[in-house]
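The opening residue of the sequence shown carries number 141 in our numbering; numbering runs sequentially from there.
Report on the structure given below.
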Amino acid sequence: MAEYIFLNPSINMLKIAETVRSFGRNVVLVRNDQFPEIDAVNVHMFYDDRYRSIFPGDDVNGDVKAFSRMKKNFLSKLTISKIKSELASYSEDMRAGDIVDLCLIKRGVLSRKEVVTNAVSNATSFSKIAADNEHATIVTGYMEFLGGNERLVMYDTDFDLKDALGRDYYIFFINGERVEMCSSGNRLITIGSKTHDHIDILSVKLPFMKRFNFKKIKELVISRNRMPWVVNNIDKHLILVNDFSFFNISVKMTDQWVEKVGRYICTDKQR
141 MAEYIFLNPS INMLKIAETV RSFGRNVVLV RNDQFPEIDA VNVHMFYDDR YRSIFPGDDV
201 NGDVKAFSRM KKNFLSKLTI SKIKSELASY SEDMRAGDIV DLCLIKRGVL SRKEVVTNAV
261 SNATSFSKIA ADNEHATIVT GYMEFLGGNE RLVMYDTDFD LKDALGRDYY IFFINGERVE
321 MCSSGNRLIT IGSKTHDHID ILSVKLPFMK RFNFKKIKEL VISRNRMPWV VNNIDKHLIL
381 VNDFSFFNIS VKMTDQWVEK VGRYICTDKQ R
């Protein structure tokens, strides 16, 4: 019987799962078909008239102290304000960002794909996973949640996405809005505000998009832990982890950070 189910794990989450397993816990890895398959490699951030590209590589900076707080405390609101101010020092539009964006800039490197781990099985839905494993703790970095503050949208388009986007992941900061964009097969994926049209926002920076058609085929309201505390216990059997990832892409974190998160997950139920 599984003790921990890691759902839709990123590279960092796979490393955390292996750490939890190394502490003697029964760990199962599962993906489901609620979310599109994203297979991006590099990240590009656009703000003002500038851009910054981040690629997989080796650590150049071992300092992850600012990204290692495990749980919320009474200073958390002040920490969020400081993060917004630090992002605004790069661009006022980046004030719309969060600690994951700041970590991406500060670390400046992505994890490589190679993680030695067990096979990842498939399931149809979050509810089925929970029903089939009622005593297990589900650990994930993102989930469909009607109370979430972000929207993931999938579109059919009439242009060649592979040629236009390649296997890259894009983050745009535009007039106080933040939108992520990538491809899944030959479909466009956007993630951003659940109250504004993502294509309209992107067209401000990418006016050529107005020449193409976008047919919305799937839409999910989602929740991600983008707070400056790594572990968010939603309930007794559900943990939402800030694994400093954009779906399959992870910011390169240190081995010490991975071990700290894994150890905390194992002991958190006793706190």
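The beta-carbon is built from N, C-alpha and C at its ideal position, and this holds for glycine as well.
Residue i and residue j closer than 7 Å at C-beta
| i | j | result |
| --- | --- | --- |
| Asp272 | Lys355 | no |
| Arg318 | Met294 | no |
| Val181 | Cys406 | no |
| Ile239 | Pro368 | yes |
| Val371 | Lys222 | no |
| Pro176 | Leu250 | no |
| Ile389 | Leu380 | no |
| His336 | Thr330 | no |
Other residues of its chain near residue i: CB distance less than 7 Å, five sequence neighbours each side excluded
| i | result |
| --- | --- |
| Asn315 | Asp233 and Val344 |
| Gly202 | Thr394 |
| Glu399 | Thr159 |
| Asp188 | Ser231 and Asp233 |
| Arg307 | Asp179, Ala180 and Val181 |
Distance between beta carbons of residue j and residue i, contact taken as under 8 Å
| i | j | result |
| --- | --- | --- |
| Ile269 | Leu378 | At roughly 11 Å, the Cβ-Cβ gap does not stay under 8 Å, so Ile269 and Leu378 are not in contact. |
| Phe352 | Asp298 | 6 Å |
| Asp383 | Ile311 | Rounded, the Cβ-Cβ distance is 17 Å, inconsistent with contact. |
| Phe313 | Ala236 | 6 Å |
| Ser216 | Trp397 | Not quite, the Cβ-Cβ distance comes to about 19 Å (not below 8 Å), so this is no contact. |
| Ile194 | Gly248 | 6 Å |
| Val204 | Leu244 | About 13 Å separates the two Cβ atoms, so there is no contact after all. |
Nonlocal neighbours in the same chain, by C-beta distance under 6 Å from residue i, ignoring five residues either side
| i | result |
| --- | --- |
| Val361 | Leu286, Gly288, Arg291 and Lys334 |
| Ser323 | Leu301 and Leu305 |
| Val401 | Ile156 and Val370 |
| Ala142 | Asn166, Val168, Asn273 and Ala276 |
| Arg252 | Pro196 |
| Thr219 | Pro368 |
| Leu147 | Val170, Ile278 and Thr280 |
| Arg192 | Met185 |
Segment limits, beta strand (DSSP E) that includes residue i
| i | result |
| --- | --- |
| Ile362 | Phe354 to Arg364 |
| Tyr433 | Nothing about residue 433 can be reported from this structure: the residues present for the chain run from 141 to 411 only. |
| Asp308 | Asp308 to Ile314 |
| His184 | Asn182 to Tyr187 |
| Thr219 | Run containing Thr219: none in the beta strand (DSSP E); it sits in the alpha helix (DSSP H), Ser216 to Ala228. |
| Glu290 | Glu290 to Thr297 |
| Phe146 | Tyr144 to Leu147 |
| Glu284 | Tyr282 to Glu284 |
| Met321 | Glu317 to Ser324 |
| Thr335 | Taken as a continuous stretch (DSSP letters only), Thr335 belongs to no beta strand (DSSP E), as it is neither H nor E. |
| Val381 | Leu378 to Val381 |
| Ile374 | Val371 to Asp375 |
Enclosing alpha helix (DSSP H) for residue i [first to last residue]
| i | result |
| --- | --- |
| Met153 | Ile151 to Ser162 |
| Arg247 | Ile239 to Arg247 |
| Val414 | Limits of the chain in this structure are 141 at one end and 411 at the other, which puts residue 414 out of reach. |
| Val167 | Unbroken run through Val167 is the beta strand (DSSP E), Val167 to Asn172; no alpha helix (DSSP H). |
| Leu342 | His338 to Lys345 |
| Ile301 | The question names Ile, yet the displayed sequence has Leu at residue 301. Residues Leu301 to Leu305. |
Residues near residue i by beta carbon distance below 8 Å, same chain, minus five either side
| i | result |
| --- | --- |
| Gln410 | The predicted position of Gln410 is uncertain, since its pLDDT is 41 and thus under 50; a value taken from the coordinates is nonetheless stated next. Closer than 8 Å at the Cβ level, and outside the excluded window around Gln410, lies no residue. |
| Asn213 | Trp369 |
| Ser385 | Ser150, Ile151, Asn152, Met153, Val240, Gly281 and Val391 |
Residue i CB to nearest heavy atom of the ligand COA below 6 Å
| i | result |
| --- | --- |
| Asn388 | Of ligands this structure carries none, so the ligand COA is not represented either. |
Below-7 Å beta-carbon distance, residue i vs any chain E residue
| i | result |
| --- | --- |
| Glu317 | The structure shown contains no chain E, having only a single protein chain. |
> Is the number of C-beta pairs between the region 150-163 and the region 374-394 that are closer than 8 Å three or more?
Replying inline: yes
> Using 8 Å as the threshold, is the region 276-292 in touch with the region 220-230, meaning 3 or more CB pairs across them?
Replying inline: no
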